[in-house]
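*Asks:* Take the sequence shown: its position 223, counting from 1, is numbered 316 in our numbering, and each next residue is one higher. All C-beta atoms, glycine included, are put in the ideal place defined by N, C-alpha and C. Sending over a structure as structure tokens; questions will come in a sec.
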Amino acid sequence: MKPKILVCDGMSSDIFNKLKNNENFDVYPEAKNSQEVVAKEAVEADALVIRSATKPNQEFLDKCKNLKYIIRAGEGTDNIDKVHCKEIGIKVSNTPGANNNSAAEHAISLMFTLLRKTAWANSSMQEGEWNKSMFSGNELTNKTVGIIGFGRIGQLVAKRLIGFDPEILFFDPYITSHSIGYDNITKVDKVEDIFKKSDIITVHVPLVAQTKNMITYDHFKLCSSNTIFVNAARGGIVNEEDLIKALKENLIRSAALDVFGNEPLKGKTDLHGVENLILTPHLGGSTAEAQFRVGEMAYHQLKEFFINDNLLNEVRV
Ligand code: MLT
Numbered sequence: 094m095k096p097k098i099l100v101c102d103g104m105s106s107d108i109f110n111k112l113k114n115n116e117n118f119d120v121y122p123e124a125k126n127s128q129e130v131v132a133k134e135a136v137e138a139d140a141l142v143i144r145s146a147t148k149p150n151q152e153f154l155d156k157c158k159n160l161k162y163i164i165r166a167g168e169g170t171d172n173i174d175k176v177h178c179k180e181i182g183i184k185v186s187n188t189p190g191a192n193n194n195s196a197a198e199h200a201i202s203l204m205f206t207l208l209r210k211t212a213w214a215n216s217s218m219q220e221g222e223w224n225k226s227m228f229s230g231n232e233l234t235n236k237t238v239g240i241i242g243f244g245r246i247g248q249l250v251a252k253r254l255i256g257f258d259p260e261i262l263f264f265d266p267y268i269t270s271h272s273i274g275y276d277n278i279t280k281v282d283k284v285e286d287i288f289k290k291s292d293i294i295t296v297h298v299p300l301v302a303q304t305k306n307m308i309t310y311d312h313f314k315l316c317s318s319n320t321i322f323v324n325a326a327r328g329g330i331v332n333e334e335d336l337i338k339a340l341k342e343n344l345i346r347s348a349a350l351d352v353f354g355n356e357p358l359k360g361k362t363d364l365h366g367v368e369n370l371i372l373t374p375h376l377g378g379s380t381a382e383a384q385f386r387v388g389e390m391a392y393h394q395l396k397e398f399f400i401n402d403n404l405l406n407e408v409r410v
């Protein structure tokens with residue numbers, strides 16, 4: 094029997110076509126982001142390829158009697174109950190690096206959105222206004238950028254920013270050296286120093302027990318009131334209530350969030366309508382280029398797993 098593969102969460106069509114054209118696999122039609130369809134079809138599937146929308150928790154996994162393999166087509170695996178996967182013998186992989194450039198570019202684009210106030214300027218123009226003085230902004234050049242988490246994506250953000258001659262600070266207890274050829278990069282030992290010294294703060298840690306709620310109101314109290322804050326890593330790292338409070342009290346100038354404690358963030362929540370907060374719907378990895386690369390890697394990993402009995406890029410608990 095051919096392994097049945099279910100590809101979910103708006104993956105690029107390339108991976109469907111490759112799987113369909115490979116006689117070793119049986120591929121479900123595109124699930125088109127519907128979690129009802131995903132939950133129904135997953136019950137019979139041998140492998141799932143998912144992004145962040147599908148959340149294989151214990152209840153979900155226990156229904157999937159044939160499931161052997163989950164590929165997280167992206168970086169973060171916090172949406173998967175990996176402990177339970179291990180208990181019931183399901184292997185988990187991700188696609189390391191494949192969407193990192195898009196994630197880094199999105200974080201940088203949010204920095205510019207905040208620095209140049211473009212999202213607010215657009216809203217104002219849509220209202221028929223011409224309010225040039227209200228939307229005067231700041232340059233990124235020569236600013237201090239504080240990067241929390243200096244793994245693959247954090248380092249890529251630093252590398253891409255170099256053309257703007259920033260001073261770069263990073264906080265990451267696990268990184269002792271890096272190979273970015275730029276003199277103006279300094280490691281700080283306390284995350285508080287990032288908040289005290291940076292004009293622009295960007296978060297690039299994974300969501301794990303140690304990083305859950307790691308950024309709170311007390312951190313924003315250390316900032317200058319002109320600081321801008323970007324989180325395109327994971328919701329749950331910054332305490333959302335604390336960020337809202339800090340924004341409303343103008344402890345920082347503005348913030349942009351691409352990720353949320355509860356996704357999808359739909360309807361009207363406390364995060365909606367905060368004047369100095371910009372929201373995007375988890376778009377970090379959402380480019381044609383990134384989705385092509387993650388699809389290629391996931392396809393290769395499926396072939397290795399089912400045809401060559403070789404598990405690549407395993408994510409362990
Ligand atoms: C990731 O962890 O790679 C991101 O969530 C990107 C995504 O799949 O949307």
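1) Within the same chain, show all residues whose beta-carbon is closer than 6 Å to that of K179, passing over the 5 residues directly before and after it, in chain order.
2) Run the proximity test for R245: is its beta-carbon closer than 7 Å to any non-hydrogen atom belonging to the ligand MLT?
3) According to DSSP, is R165 helix, strand or coil?
4) Under 8 Å Cβ to Cβ from R165, same chain only, skipping five residues before and after it: list those, please.
5) Assuming the contact rule is C-beta atoms closer than 8 Å, M204 and V323 should be a hit. Round their C-beta distance to whole Å, please.
6) Can you tell which of N406, V298, L404, Q394 has its C-alpha closest to the C-alpha of K111?
7) Thinking C-alpha only, which one of N235, E198, K156 is nearest I183?
8) Over what stretch of residues does the alpha helix (DSSP H) that includes N215 continue unbroken?
9) Would you say R144 touches the ligand MLT, meaning its beta carbon is less than 7 Å from a heavy atom?
10) Taking all protein chains shown into account, decide if K133 is buried (16 or more other Cβ within 10 angstroms of its Cβ) or exposed.
11) State the start and end residues of the unbroken alpha helix (DSSP H) segment that holds A251.
12) Using CA coordinates, which residue listed in A391, V301, I400, D286 is at the minimum distance from F264?
13) Specify, as a first and last residue, the run of the alpha helix (DSSP H) that I337 falls within.
14) Restricting to Cα atoms, I'd like to know which of M227, N406, L376, A200 is closest to E356.
15) Just mark G388 as buried or exposed, buried being the case when its beta carbon has 16 or more other beta carbons within 10 Å.
16) Taking the alpha-carbon positions, what's the H312 to V120 distance?
17) Here's a check: name, in chain order, each residue in its chain whose Cβ is nearer than 7 Å to the Cβ of K175, leaving out the five neighbours to either side.
18) Given 7 Å as the limit, tell me if G425 has its C-beta closer than that to any heavy atom belonging to the ligand MLT.
19) With respect to 7 Å, is the separation between the Cβ of E423 and the closest non-hydrogen atom of the ligand MLT below this value?
20) Consider the C-beta atom of E168 and the heavy atoms of the ligand MLT; say whether any pair is separated by less than 7 Å.
21) Would DSSP call E222 helix, strand or coil?
22) For the stretch 290 to 304 against the stretch 317 to 331, do three or more pairs of beta-carbon atoms, one drawn from each stretch, fall closer than 8 Å, so that the two count as touching?
23) Quick test of the definition: if touching needs 3 or more C-beta pairs under 8 Å, does the stretch 340 to 351 touch the stretch 194 to 208?
24) Is the stretch 335 to 346 touching the stretch 297 to 316 in the sense that three or more CB pairs, one from each, lie closer than 8 Å?
25) Give a yes or no on whether 8 Å exceeds the smallest Cβ distance from R253 to chain D.
26) Would you grab the beta carbon distance between L300 and I268 for me? Rounded to a whole angstrom, and I think it's under 8 Å.
27) Looking only at DSSP bridge pairs, what is I181 linked to?
*Replies:* The relevant details are as follows:
1) In the sequence shown, residue 179 corresponds to position 86, counting from 1. So the list reads V410, once near-sequence residues are dropped.
2) Within the sequence shown, the letter at position 152 stands for residue 245. R245: no, Cβ never under 7 Å from the ligand MLT.
3) As a first step, residue 165 must be located in the sequence shown, where it is residue number 72. DSSP places R165 in strand when its eight states are reduced to three.
4) Taking the sequence shown and counting its residues from 1, one reaches residue 165 at position 72. So the qualifying residues of the chain are I143, R144, N172, I173, V185, S186, N187, T188, V408.
5) Here residue 204 is taken as the residue at index 111 of the sequence shown, counted from 1. Here residue 323 is taken as the residue at index 230 of the sequence shown, counted from 1. Right, the Cβ-Cβ distance comes to about 6 Å (below 8 Å), so this counts as a contact.
6) Reading the sequence shown from its first residue, position 18 is the one you call residue 111. That would be Q394, whose Cα lies nearest to the Cα of K111.
7) Along the sequence shown, read from residue 1 onward, the residue named residue 183 stands at position 90. Looking at the Cα atoms, K156 is the closest of the given residues.
8) The count along the sequence shown starts at 1 and reaches residue 215 at position 122. Residues 211 to 219.
9) What you label residue 144 is simply residue 51 of the sequence shown in a count that begins at 1. Look at R144: its beta carbon is less than 7 Å from one of the heavy atoms in the ligand MLT.
10) Here residue 133 refers to the residue found at position 40 of the sequence shown. The residue in question, K133, is exposed, as its Cβ has fewer than 16 Cβ neighbours within 10 Å.
11) By one-based count along the sequence shown, residue 251 stands at place 158. Looking at the DSSP string, the run of the alpha helix (DSSP H) that includes A251 is 245 to 254.
12) Counting from one through the sequence shown, the residue named residue 264 turns up at place 171. Among A391, V301, I400, D286, the Cα nearest to that of F264 belongs to D286.
13) Position 244 of the sequence shown, counted from the first residue, corresponds to residue 337. Element bounds for I337: 333 to 341.
14) As a position in the sequence shown, residue 356 is number 263, starting the count at 1. If we check each option's Cα against that of E356, L376 comes out closest.
15) Mapped onto the sequence shown, residue 388 falls at position 295. Buried.
16) The count along the sequence shown starts at 1 and reaches residue 312 at position 219. The count along the sequence shown starts at 1 and reaches residue 120 at position 27. If you take the alpha carbons of H312 and V120, they lie about 48 Å apart.
17) On the sequence shown, residue 175 is found 82 positions in, with the first residue counted as 1. The answer, listed in chain order, is V185, V408, V410.
18) Because the chain here runs from 94 to 410, residue 425 falls outside it and cannot be looked at.
19) As shown, the chain starts at 94 and ends at 410. That puts residue 423 outside it, with no answer to give.
20) The residue labelled residue 168 in the question sits at position 75 within the sequence shown. Yes, the beta carbon of E168 sits closer than 7 Å to at least one heavy atom of the ligand MLT.
21) Here residue 222 corresponds to residue number 129 of the sequence shown, with the count starting at 1. Note: E222 maps to coil in three-state DSSP.
22) yes
23) Contact between the stretch 340 to 351 and the stretch 194 to 208 is present, with at least three C-beta pairs closer than 8 Å.
24) yes
25) As a matter of chain content, chain D is missing from the structure shown, which is built from one protein chain.
26) Residue numbering aside, residue 300 sits at position 207 when the sequence shown is read from its first letter. Residue numbering aside, residue 268 sits at position 175 when the sequence shown is read from its first letter. Contact flag wrong, Cβ pair sits at about 18 Å.
27) Taking the first residue of the sequence shown as position 1, residue 181 is located at position 88. Answer is none; I181 lacks a bridge partner.
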